[in-house]
Each structure stands twice: as C-alpha cells, then as structure tokens.
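Reviewing the structure listed below.
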Amino acid sequence: MTVRTRIAPSPTGDPHVGTAYIALFNLCFARQHGGQFILRIEDTDRVRSTPESEQMILDSLSWLGLEWDEGPDVGGPHGPYRQSERGDIYGEYARQLIESGHAFKCYRTSEELDELREARKAAGMHLALKPADLALPAEEQARREQEGWPYVVRMSVPATGTCVVEDMLRGVIEVEWAQVDAQILLKSDGMPTYHLANVVDDHLMGITHVLRGEEWINSAPKHQLLYEYFGWQMPMLCHMPLLRNPDKSKLSKRKNPTSINYYRRMGFLPQAVTNYLGRMGWSMPDEREKFSLDEMMAHFDIQRVSLGGPVFDLDKLTWLNGVYIREDLDDAALLKALMEWAFNEEYVGQILPQVRPRVETLSQVAPLAGHFFSGLPVIEEADFDAVKLSREELLKLLQFLVWRFELVPAWHKEALLGEVKALAGHFDLKMKAFLAPVFIAVTGSSSSTSVMDAMAILGSDVTRARLRHAIEVLGGVSKKQAKRFEKEFRDLA
Ligand code: GLU
C-alpha cells in the first residue's frame, strides 16, 4: 500500500498556522513511508470561500517549504483538487445512499426544525435530531415532494448504541449514537456539506491516513458510518492536538497572530517557522530544538506526538528565529533573506511614491520610511497625549478599527478608506481627527508618510498587530470595556 495523506483547507480566511502545522505532519508522515502528500481545496462553502484566500494558503505553504505532490496548482491523476470543480460527483453518491436506504430527503422547514429542537430541549434530551424525529407523515412527505419544496439530503444514523472509532494516537474513541444527528449531506442548493465531500474525495483520491485537528473528532462517527454505507475502506484516522495560546486556551487571533502572513511580514524565516511547528507536540528522538524539515522527515514517528496541548509561543519562536539568523545564515544568505523579505523591487517600488514628495535628499528616506521595514513600533502612552479624545474613546476607536479590519475580505486602499470613513462617522469625527491616533499606532510617529497608504502596503496582519499593540501601550481594554465595546460594535454592524 502506498501511503497517501492530504491537507484539505477551506479557503475562507487568512492562511492559518494551524493549517501549516497539520500540513507539516501529514507531509512528514507520507514521506517517512515513501508516500505522497496531496493538497485539496474544500471550498463547498460558496459564500465564505474566496480565490484570494486559496492563493494565500498555497503561497504560505510553499513559502514554508511544504511541497505537495498533487493539488489544484500542480494537477495529478485524481483531480480536480478543488471541490467546487468536482461537478456532480457528490450528488451521484448522495443518490446512491438514498437508493440503498442510508440517506433520505428531508423537507422540514427551518421553523419546524427549531420547534423539534425546542421540544427536545424542553424534554431534557440531546439536541441531535434523528431520522425518526425528522420523518413526516407519508402523505405530507409526498405532497411536499410533488410541490417541489426545497429539501436537503440527510444520512441515516442509529438511534442508540455506541460508535467505536479507532484513532492512531488516542486508541479507541467511543461516542454515543444518541448524540449524533442525521447529518445533512447535500444542501438544498445541491452542494455537498463538508462531511459528504470529504469522505467521497478521501476515498476517490486514495487517501490512506487522515491526520487532522482534534476539533474533527466529533465528525469521525459520521464519516465512519458513511464509509460503511459505501462499502469503502476507511483511512486510518489520527486527530492531532490543537495548538494553544500560552494561557492554554485554543489558539485564536484575538490573543495571538494566527496568520502565516503575519510571521512572513514580521520577518520570520520560513525554516524557523516550520521547525517551530514541528515542535508542536512532537520532538526529535534526541530532543534537540533546532532541526530542518529534511531531518524531521527522516526521523518522523507519529507515535512521538504527545497529546498534551502544544503551546504556540511567540517568544520561543522569536528566539528560535534568532538562532537561525545567527547560526545558519552567513552574510550572503542573510542578504538574500532580507531581499526576499522586503528589500526587493516589488516592495520598495510600492514605497517610492510615498517618499518621493516628502524628501529632499536620499538620506531622508530611511528615517521617513522606517515603519515599512519594522515590526511593532516603539511607542509609549505619552505619544497619544496630543490626541483630543478620552481614554475610553481612544481605546474604542482603535478596537473598532481592528474588528472592522478583521472583516475586510480584500485588503486594498479603497476598502480600508470605506471602513475608516464609516467609523469616523460613527465617532462623529473628521477624518483627520479620526486618523490621528491611527497614525501614531501604525507609523510610530506623528508625522510620516500617508497612513492610509501605509496600512494598504503593510497589509492586514501587520496593520492589525500595530493597532493591537497601541491598545496595549494605552493600558489595554478591560473585560468590562470589552463587553461594552462588543455590544456597541454589534449594533453598529
Ligand atoms: N476542510 C476541513 C478544514 O478546513 C478539513 C478537515 C479534515 O481534514 O477532514 O480543516
């Protein structure tokens, strides 16, 4: 048997470090067995999936050196590798399941589903809806079918008993069937849900081992059942421990930068980030902290993964990155790294229009444009003294901007201007007054190049990190304030 693993990201946002972590372990597992590693794009959520996000995922994984053998960009014998391009495959399989009695058309309206759930809640039962709960009287089912009501296809699931799933790291996982609902497989628009598309594609693409985050454990019983219904051999499952913040909560962008773009823009080296991700729950046989991807592949052993939640600690990664710069990069390599990072025509080219109108000698360029080549600016509370806003308003303004920016799908100046204008209106401030604290937060000074252009050029991750940094410098948002802010922000949206 040839081992085949895959990473199956949904392109619905920034390229997440969690995706890179899971990709890395899948890649190492495949290589260690002389197998193949596949990249599949799971874009069945047509509303949230974007081509920009997909491109960023591909770019970041290649930047990290994680190469795939088959994928939407390189092709392969099992394509297409983008679920949105796999046409009617899923519908056909859903029909098969209906014919074999393992799935059914469900004509329930959303109001009826709410009522059914309410009734279960009131009776103190699990909220999982079972085929028997969903069934309509035969004439009613026939009427809705005849009248062409919208329907979804759901899978049959046992009402009672225990489902036993094998996990490569966790051994046997037991889940009560009572907790598992009659999962939707095909939505009313004919698109498959994650569960159906994932199982069908893993099978058709010959995937033998599925290494994925532990948040998918609850899906495993449904998937196992689908494999049984189809009469297919299920890949071995392995649920990896979730990455955590240093306070042990689940890694989230509220507390830590989670986008690979951030690490790239902040000047981390890809080999250091990949090495650090390899330390997440895993260690080399000799426990050394610094190792290359090749070394990791050579020594990989999935059984060395420990399940205690691995902590993604920015300070440790920064330390490791420093070790790489000092130990691995000679002058020529460091120069190359700097050029790849920011000292290149493409990036400097974007900055020239910003500096040209503002300098008289070339020696003025570096001091003026320093914020384009730095991480978090060195600022202190007193830098905001000139801003005529109460502390509460100031914090709120910065926080609202971070939240609005988190939602911007395509990062360009016009989009940012729209957000800034909307918020300035909300705060009843002129643009200039609104931008004054933003200016300090982003450029680190009170006079520099245009802050709107700076944010557009610096990108979403660095901009948001600088705004968050300013909030911290100003003493941070208290829990109480956060509650107030969240409410006001929701009303605004
Ligand atoms: N599309 C899922 C994700 O975004 C894939 C989960 C899996 O690996 O099965 O993570």
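The C-terminal residue of the sequence shown carries number 853 in our numbering, and the numbering is unbroken.
C-beta atoms are modelled at their ideal positions from N, C-alpha and C, and glycine is treated no differently.
Query                                                                                                                                                                   : Result
With a cut-off of 8 Å on the beta carbons, I'd call V512 and I458 a contact; round off their distance for me.                                                           : So it is not a contact: roughly 12 Å between Cβ atoms.
Whole-angstrom Cβ separation of A580 and I533, contact assumed at under 8 Å?                                                                                            : 7 Å
Exposed or buried, which one is D675 when buried takes at least 16 other CB atoms within 10 Å?                                                                          : exposed
Just curious, the alpha helix (DSSP H) that F799 is in, first and last residue?                                                                                         : 791-803
Grab me the residues of L387's own chain with a C-beta within less than 7 Å of its C-beta, minus the 5 sequence neighbours each way, in chain order.                    : F397, L426
Taking contact to mean at least 3 C-beta pairs separated by less than 8 Å, is the region 483-494 in contact with the region 534-548?                                    : yes
Between which residues of its own chain and R468 is the CB-CB distance below 8 Å, once the five residues before and five after are set aside?                           : L476, L494, L496
Could you tell me how far apart the beta carbons of W428 and L384 are, in whole angstroms, since I believe they sit closer than 8 Å?                                    : With a Cβ gap of about 12 Å, W428 and L384 do not count as contacting.
What whole-angstrom Cβ distance do V560 and Y453 have, given they're in contact under 8 Å?                                                                              : 5 Å
So who's on the other strand from K613, going by DSSP bridges?                                                                                                          : The partner list for K613 (beta bridge, DSSP) is empty, contrary to what the question assumes.
My output table needs one value for M361: the three-state DSSP class, helix, strand or coil.                                                                            : coil
If you measure between the beta carbons of H438 and M565, is that distance less than 8 Å?                                                                               : yes
Is the region 775-789 close to the region 583-595, with three or more CB pairs under 8 Å?                                                                               : no
Less than 7 Å between the CB of E402 and some heavy atom of ligand 1, yes or no?                                                                                        : yes
If distances are taken between C-alpha atoms only, which option among E536, W642, S422 comes closest to S666?                                                           : W642
Just curious, the beta strand (DSSP E) that E526 is in, first and last residue?                                                                                         : 522-527
Where do the N-terminal and C-terminal ends of the alpha helix (DSSP H) with A483 fall, by residue?                                                                     : Here A483 belongs to no alpha helix (DSSP H), and DSSP marks it neither H nor E.
Runs of 3 residues minimum, wholly inside the region 363-410: which ones carry the beta strand (DSSP E) assignment?                                                     : 364-367, 396-399
Determine the direct distance from the alpha carbon of N681 to that of A658, and round the result to whole angstroms.                                                   : 22 Å
Mind pulling the alpha helix (DSSP H) runs of 4 or more residues that sit fully within the region 672-746?                                                              : 674-688, 691-701, 705-715, 725-729
Among the residues of its own chain, which have a CB less than 7 Å from the CB of D743, if the five just before and after it don't count?                               : I800
Excluding the five sequence neighbours on either side, which residues of its own chain have a C-beta within less than 6 Å of the C-beta of I711, listed in chain order? : A729, F732
Is it the case that the CB of S808 approaches a heavy atom of ligand 1 more closely than 7 Å?                                                                           : no
Is it the case that the region 821-834 contacts the region 752-771, given that we only count it when at least three CB pairs across the two stretches are under 8 Å?    : yes
Rounded to whole angstroms, how far is the Cβ of V747 from the Cβ of A796, which I believe are closer than 8 Å?                                                         : 5 Å
May I ask you to report which of helix, strand or coil DSSP gives I544?                                                                                                 : strand
Check whether the Cβ of Y587 lies closer than 7 Å to any heavy atom of ligand 1, and answer yes or no.                                                                  : no
Return helix, strand or coil for P552, following the three-state DSSP convention.                                                                                       : strand
Over what stretch of residues does the alpha helix (DSSP H) that includes A463 continue unbroken?                                                                       : Where A463 is concerned, there is no enclosing alpha helix (DSSP H), although the beta strand (DSSP E) it sits in stretches over 463-466.
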